[in-house]
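Same order as they appear, the protein sequences are chains A and B. Mind the numbering: the first sequence is residues 1 to 184 in full-length UniProt numbering, read in order. Mind the numbering: the second sequence is residues 1 to 184 in full-length UniProt numbering, read in order. Ideal Cβ positions, reconstructed from N, Cα and C, are used throughout, including at glycine. The structure appears right after this line, and notes come after that.
Protein chains: 2
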Amino acid sequence: MARPAAARVKVLDAYISLLCEEGERAATLEATAALAGVSKGGLLYHFASKEALADAVIKLSEELILIDLKDMAQAEEGPAAYFIRTSAEVNTELDRLLVALHRLAHSGVEAATAQMESINERWLAALMEEIGDKDIAHLVMLVSEGLYAFSGTPGTWYARHFEGNLSHLLELVPQLKKLGTNNQ
Amino acid sequence: MARPAAARVKVLDAYISLLCEEGERAATLEATAALAGVSKGGLLYHFASKEALADAVIKLSEELILIDLKDMAQAEEGPAAYFIRTSAEVNTELDRLLVALHRLAHSGVEAATAQMESINERWLAALMEEIGDKDIAHLVMLVSEGLYAFSGTPGTWYARHFEGNLSHLLELVPQLKKLGTNNQ
DNA sequence: GTCTATAAAAAGATAGAC
DNA sequence: GTCTATCTTTTTATAGAC
Numbered sequence: 001m002a003r004p005a006a007a008r009v010k011v012l013d014a015y016i017s018l019l020c021e022e023g024e025r026a027a028t029l030e031a032t033a034a035l036a037g038v039s040k041g042g043l044l045y046h047f048a049s050k051e052a053l054a055d056a057v058i059k060l061s062e063e064l065i066l067i068d069l070k071d072m073a074q075a076e077e078g079p080a081a082y083f084i085r086t087s088a089e090v091n092t093e094l095d096r097l098l099v100a101l102h103r104l105a106h107s108g109v110e111a112a113t114a115q116m117e118s119i120n121e122r123w124l125a126a127l128m129e130e131i132g133d134k135d136i137a138h139l140v141m142l143v144s145e146g147l148y149a150f151s152g153t154p155g156t157w158y159a160r161h162f163e164g165n166l167s168h169l170l171e172l173v174p175q176l177k178k179l180g181t182n183n184q
Numbered sequence: 001m002a003r004p005a006a007a008r009v010k011v012l013d014a015y016i017s018l019l020c021e022e023g024e025r026a027a028t029l030e031a032t033a034a035l036a037g038v039s040k041g042g043l044l045y046h047f048a049s050k051e052a053l054a055d056a057v058i059k060l061s062e063e064l065i066l067i068d069l070k071d072m073a074q075a076e077e078g079p080a081a082y083f084i085r086t087s088a089e090v091n092t093e094l095d096r097l098l099v100a101l102h103r104l105a106h107s108g109v110e111a112a113t114a115q116m117e118s119i120n121e122r123w124l125a126a127l128m129e130e131i132g133d134k135d136i137a138h139l140v141m142l143v144s145e146g147l148y149a150f151s152g153t154p155g156t157w158y159a160r161h162f163e164g165n166l167s168h169l170l171e172l173v174p175q176l177k178k179l180g181t182n183n184q
């Protein structure tokens, strides 16, 4: 589907928005259709079931993560700094998709859990390329995971403490890498 | 309720188990009652609504977190090491409650989000007592949050990479603290 | 306190008109 | 492609017997 219908895009975007901003319980077919400005029937023409909606989230996350991994490998600041910096960015398309994936995984959608795992494996591999030390790479993964866990819920702890203030964490990256070298 | 009914405890425990192991979608009243070995009516005698069940999770998490904060402050290894070590422990009562809280928060239960925030504020304050440096304290918080985010889903990325292997991360704690000193 | 039976509401999905 | 109307299933909650 090289040029998906506008309505299909609006529906998927509405579903992702509801997942991110109100949680999985609120992301019903009816609420999604209403937010997208279509009827339930109109929604179901594009996505035959709720599972199809979740699958579309997973598929889109895969497309965006492939771009992200490429950018991460080529980043001038280095993969680790790129990774931590972008982990804290909120409301990028990738961030929204990853938050939506989280919501689905926590609700019990197994395909979403599997995709999260797959993404984590690839990120860890990319970090290991640069860092070398397994423990430090894990540490960076956990920091990133922590940033995601706090994101997607505006006005929360995460926002109060980190928003616009990530530079301090980023300054630690070279030190973390050195720490990795000492540790080998 | 100094000595809550045995059935009440079984129901609450079943609800927490379903949240942790199968996600919020699976934690219906019917499934909870079945796992607890009571009828739906029996369940609703102890918890008048689904909201009451969620509130009980939040209340129990508060009781356990007060104990945890006290233990953390008095830990011989220091608050930060205690905090990271216990963050990775799975299937403790506190861990299960925190995973359940996460599930509820991601589903859209606002009271659960508020409780998570409250807990995070108190943990950060306890870490600052020891570490002093705000950035490093944040880093430790994020690592811990990452550990929680990965926990509660057996057989996943987290389990494969960290289970029984946290000693490496713990060895980094003194170095992290030193890093904080340099950073001041 | 616990059960069964039943109601009420919400959510997912289908059919067919346009 | 999109809508309305309808059906089915699931989920929450109530009522009342025991």
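Residues near residue i by beta carbon distance below 8 Å, same chain, minus five either side
i	result
B:Glu62	Gln115
B:Ala75	Ala81, Tyr82
B:Glu30	Lys40
B:Asp55	Ala111
B:Val50	Residue 50 of chain B is actually Lys in this sequence, not Val. Same-chain partners within the cutoff: Leu29.
Supposed close pair residue i, residue j - CB separation, criterion 8 Å
i	j	result
A:Val11	A:His46	6 Å
residue 185 of chain A	A:Ala14	Missing from the structure shown is residue 185 of chain A; chain A here goes from 1 to 184 and no further.
A:Leu142	B:Val143	5 Å
A:Leu64	A:Glu89	Not a contact, Cβ separation roughly 13 Å.
A:Gly108	B:Glu145	With 8 Å as the limit, A:Gly108 and B:Glu145 do not qualify as a contact, their Cβ atoms being about 21 Å apart.
B:Ala48	B:Gly42	About 13 Å; that fails the 8 Å criterion.
CB contact below 8 Å: residue i versus chain B
i	result
A:Gly132	no
A:Met141	yes
A:Ser107	yes
A:Ala26	yes
A:Glu76	no
A:Glu22	yes
A:Leu69	no
A:Gly146	yes
Own chain residues within Cβ distance below 6 Å of residue i, not counting five before or after
i	result
A:Leu19	Ala27, Ala100, Arg103
A:Leu66	none
B:Lys70	none
Closest Cα partner of residue i within the set the options
i	options	result
B:Ser17	B:Asn91, B:Ile65, B:Leu147	B:Asn91
B:Asp68	B:Val109, B:Lys50, B:Ser87	B:Ser87
B:Ala111	B:Tyr148, B:His138, B:Ala5, B:Val57	B:Val57
A:Leu53	A:Arg3, A:His138, A:Leu97, A:Tyr148	A:Leu97
B:Leu60	B:Pro174, B:Pro4, B:Gly42	B:Pro4
A:Val38	A:Asp95, A:Arg85, A:Thr113, A:Ala6	A:Ala6
B:Pro174	B:Leu66, B:Ile84, B:Met72, B:Asp71	B:Ile84
Own chain residues within Cβ distance below 7 Å of residue i, not counting five before or after
i	result
A:Arg8	His46
A:Ala137	Leu124, Leu127, Met128, Ile131
B:Met72	Pro79, Tyr82, Phe83, Ala126
A:Thr113	Ala105
Any C-beta of chain A under 8 Å from that of residue i
i	result
B:Arg96	no
B:Arg103	yes
Original post:
For the region 14-25 of chain A against the region 93-103 of chain A, are there 3 or more C-beta pairs whose distance is under 8 Å?
Top reply: Using a C-beta cut-off of 8 Å, the region 14-25 of chain A makes contact with the region 93-103 of chain A, since at least three inter-stretch Cβ pairs fall below that distance.
Original post:
Using 8 Å as the Cβ pair cut-off and three pairs as the minimum, do the region 118-127 of chain B and the region 111-121 of chain A touch?
Top reply: Too few Cβ pairs lie closer than 8 Å, so no.
Original post:
Is there contact here, the region 70-81 of chain A with the region 129-136 of chain A, by at least three beta-carbon pairs under 8 Å?
Top reply: Below 8 Å, enough C-beta pairs join the region 70-81 of chain A and the region 129-136 of chain A to call them touching: three or more.
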